[in-house]
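Set out below in structure tokens:
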């Protein structure tokens, strides 16, 4: 067990619980920390200095920020890669290991890449691995071995992720002093407030800023709780979209799984604080080079001493405070005041870290810790997503949101406060936060009032509309700060991506003089820190290289996410609706093999689909066809609607009859088909394909509501109101005779393509169609769905002596193919016009206008100056000459030209082995010149072999005359 | 109906699950009648039903009349008068076509928030409110219909999605407890 040589005695404000020790392993060795430690603080306490190897050059890296943004402490924890060790709390039994190193963190063979450092400049990959192109597969295999990051177990089960929605009046992003004050003020003004804090506790920098700071943080947090503010800690507002649609990731709410909160806020207050930026100089990425805030966190939150001999390069109060904290912890400190012009030019040392520092005046100091405090980055990301442009202020050496009220300044519903907006004492920051909170609440109240007025189901708002107040906040000051970005030497600018200042200068020299281009060419700002540490230094280095100012170069575009989040968190909980018929449990009990068709779970078969076909052909079978789309169409204009939608005629359809119809889009392409029964003078039951039910409902409503709102017709989807059962086979009539009441099923009284209503098995209100998709005598029963199981069981019981048995989707598909019925979407595609499917007989050009008519007329008669119907492919029945060969669907059909070169002339759209005919059968789309009966075709198998096939005279392979159907 | 024919909803028999502060009950057998205002009634049906789009009211016979869309109402419950609810009304019986669940309890709003993006605050969805909503990616009608002072929501979807929806709601409730 590693002891904790760097753990300080108990200190006020520490967040560790020394009475609860946690044991874990680091690269296989046992280590111990305390509850409340992060992984990194526990390791640092144990004396660990090197935590990882850098992405490209595999340079040893140590702690930089000791928080979520630290680019050097991404670790593998068990099966989980890329864990942010500076943020993740320690747990007992964790197996923690370094990433990006082989065979070990100490002896990393990949560090040899650093020897070629000069060659590995920005764009190295683009320049080197482009040619010869045929070598790319080899390049890829080698490069994959150098991919950074941890490892995942592909067999690991996906973890659960949660999602929820929220509708707060005000969301405050950031729980530092200004954010807390804004939240409290907004809540006290009556707003529902959600405060989101990136760290594990609110308070921001107050948490590690001495007794008075901690007391202020506690006081503000208590006030927030008392005011009813909902506080999410360890959570990030990762994106902002239109109308303050916010994505918030809670990393471990109440110890549970990650949760994506989708929040619609009326007003967003951005109080993201400031992030300290590194200083660029030679060796600035050595272990032992830290930022002042990282040092203060380690000292004051986890009581960890980050070094023994320190030098602090300070350009601001934060640096001075860090030096004081180090001194108080017993660390020898040399304070170098950067405000006086002295800087660091190099950090020298070994693979274990920094050993001496070289200053700009040539002074050399032996230290094991170099602390820099040279400026801040304002993380304006969320503001930028709202259209607010960051503007650079050289006197303060940082970017600020554009001034409120300016063209690209804060909008009415997105406000900023705290360090991101300016500087001030604690009282001044709190005061600005309070003013911002009050403004946010007032504006939210106005929006809430208007929303309630505009929403039919909302409660009427109380009182008159409150005003949308102007922004009259007193702006925060801006403290002067020296512009310190890079020393006279080169160092690493982007520690996540291993991009140096030299890389950036070279990129500029190659012509990449725009920061957006430099970003993409060098990948600077694209790593795990997402620009929070390196953007300003990148901009400054580019400005220096191009002779521009920082303001002229500007920033890159900040896009979501604000902070990296897991893909699982973004996906949230997966909702994948499935639909089942009311007969589902009976199908399961009968041993169905399920198949998912769209959202529906349906029986593909019950063991032997070919046997099911034979039973239907010989006896009687029943199939659950409940997913068939069904629409109740009623009203005086019902017939007008059908005539508009379908290519065929409907006015003479008698009550009690059904008719097949095909719908086409305006371009004449087949959209859907089905039969419709006329139940009354102004009342129809329309059916659609199962897969097209939802689309057709929308299609019909679109026509009615946009083109014919005056038509007196009501269309109601009733797909689920009926359990639909097709009873098929030569004995189907006998079976029906035993169960129907009020309907004479005799062939004389109930003819093919007729509809009747009555009772089945005692269930009233059933609709019966005599139609047949299978080619057999059959009846489609539409039974009030709640009684579906009763009727299904009654059919099985009553037909036991008739050999009745259920059949599934596969048997139905075989039989419909035997009969030559096409399926929309399978035998047709997005270009298939009605004549292709042989539907010329159905298209009635002598009726009033209907959907797709002009295109269909051109297709049938030939568009002036264009090709006629011979240009359209044709759907034909095809039989391979080898009866046992079933060409897979989508196989190409080819024809040889005069020179022997083959070209594609069509494809197989459906194919099955027919147990009835004991041979293979197909439908295919082929060019019209190859569609004549007995034309020989060449089908290309998936193995490339050519198979002969013949075009048949009819679509129907079986019973083309329809005797069985009409029997 | 024959005596042996039992109504089957998304599940055979009754189904109820509950957790801390919420319960979910399948009420799919409840009669459900869709009522359209006929084009010629000129507001007559609206006047007779007296319920505006987005709102609901409970009739003396216990039937809940929901204004589900402009000119469309959904009547939930056994009506004492089986005739047309109003002169000029066009009706379609959707008892068998819709699943109906009741989610009740002080935590019901939190359960809904896990699966539905609708703002269920008192201001935006008060007792008596009716709206369309996506619940766990299923198109639903949501009616706030409090029970004994506790928040309660009737959630109606196409019947075939009911089983999935019930499980999704129960799962959402389970994960928050």
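Chains as they are written, first to last, in this note's numbering: chain A, 127 to 1093; chain B, 1288 to 1464. Glycine included, every Cβ here is placed at the ideal spot set by N, Cα and C.
By the criterion of a C-beta distance shorter than 8 Å, residue 1423 of chain B is surrounded in its chain by 1402, 1403, 1451, 1452, 1455, 1456, 1459, once the five residues flanking it on both sides are discounted. Residues of chain B with a Cβ closer than 7 Å to the Cβ of residue 704 of chain A are, in chain order, 1451. Residue 650 of chain A sits away from residue 678 of chain A, with the two beta carbons spaced by 8 Å or more. Going by C-alpha positions, residue 253 of chain A is about 13 Å away from residue 636 of chain A. In the DSSP annotation of this structure, residue 672 of chain A is not part of any beta strand (DSSP E); the continuous alpha helix (DSSP H) holding it starts and ends at 661-672. Going by DSSP, residue 627 of chain A is part of the alpha helix (DSSP H) stretching over 627-635. For residue 1387 of chain B, the enclosing beta strand (DSSP E) stretches over residues 1385-1391. Around the C-beta of residue 700 of chain A, fewer than 16 other C-beta atoms lie within 10 Å, and the residue is accordingly described as exposed. Within the same chain, 1324 come within 6 Å of residue 1358 of chain B by CB-CB distance, once the 5 residues on both sides are set aside. Collapsing the DSSP output to three states places residue 870 of chain A in coil. Boundaries of the beta strand (DSSP E) around residue 143 of chain A: 143-152. Looking at A:412, A:451, A:442, A:410, the one whose alpha-carbon comes closest to that of residue 425 of chain A is A:451. Against chain B, a Cβ distance below 8 Å from residue 758 of chain A picks out 1379. Along the stretch 282-295 of chain A, going in chain order, the ones with a CB nearer than 9 Å to a CB of chain B are 286, 288, 289, 290, 291, 292, 293.
Listed in chain order, the non-local C-beta contacts of residue 814 of chain A below 6 Å within the same chain comprise 755, 798, 800, 822, local neighbours out to five positions each way being set aside. Boundaries of the alpha helix (DSSP H) harbouring residue 338 of chain A: 336-352, taken from the DSSP string.
Residue burial is scored here from C-beta neighbours: residue 683 of chain A has fewer than 16 other C-beta atoms within 10 angstroms and is therefore classed as exposed. A direct Cα-to-Cα measurement between residue 961 of chain A and residue 887 of chain A gives close to 42 Å. If you look at residue 253 of chain A, you'll find it in the alpha helix (DSSP H) that goes 250-254. At a beta-carbon threshold of 7 Å, the residues of chain A lying near residue 1455 of chain B are 701, ordered along the chain.
The secondary-structure analysis by DSSP pairs residue 473 of chain A across a beta bridge with A:483. Neighbours of residue 1424 of chain B across chain A, judged by C-beta separation under 8 Å: 701, 702, 703. Residue 226 of chain A sits close to residue 274 of chain A, with the two beta carbons spaced by under 8 Å. A residue is called buried when at least 16 other Cβ atoms come within 10 angstroms of its Cβ; residue 745 of chain A meets this threshold and is buried. Neighbours of residue 851 of chain A in chain B, taken as residues at a C-beta separation under 9 Å, are lacking, since the least C-beta distance is about 14 Å. At a Cβ-Cβ threshold of 8 Å, residue 1301 of chain B and residue 915 of chain A do not count as neighbours. By DSSP's assignment, residue 203 of chain A forms a beta bridge with A:206, A:222.
For residue 804 of chain A, no chain B residue has a Cβ inside 7 Å of its Cβ, as the nearest lies near 17 Å away. Distance between residue 532 of chain A and residue 524 of chain A, taken at the CA atoms: about 19 Å. Residue 1005 of chain A and residue 1078 of chain A have their C-alpha atoms some 7 Å from each other.
At a Cβ-Cβ threshold of 8 Å, residue 1297 of chain B and residue 1449 of chain B count as neighbours. Contact between residue 1363 of chain B and residue 1351 of chain B holds, since their C-beta atoms are separated by about 4 Å, short of 8 Å. With respect to residue 1395 of chain B, residue 1438 of chain B sits close: the two C-beta atoms are nearer than 8 Å. Restricting attention to alpha helix (DSSP H) runs no shorter than 4 residues, the stretch 1297-1369 of chain B encloses them at 1331-1336, ordered along the chain. Judged by DSSP secondary structure, residue 446 of chain A falls within the alpha helix (DSSP H) whose first and last residues are 443-454.
Under the 8 Å criterion on CB atoms, residue 1403 of chain B is classed as interfacial with respect to chain A.
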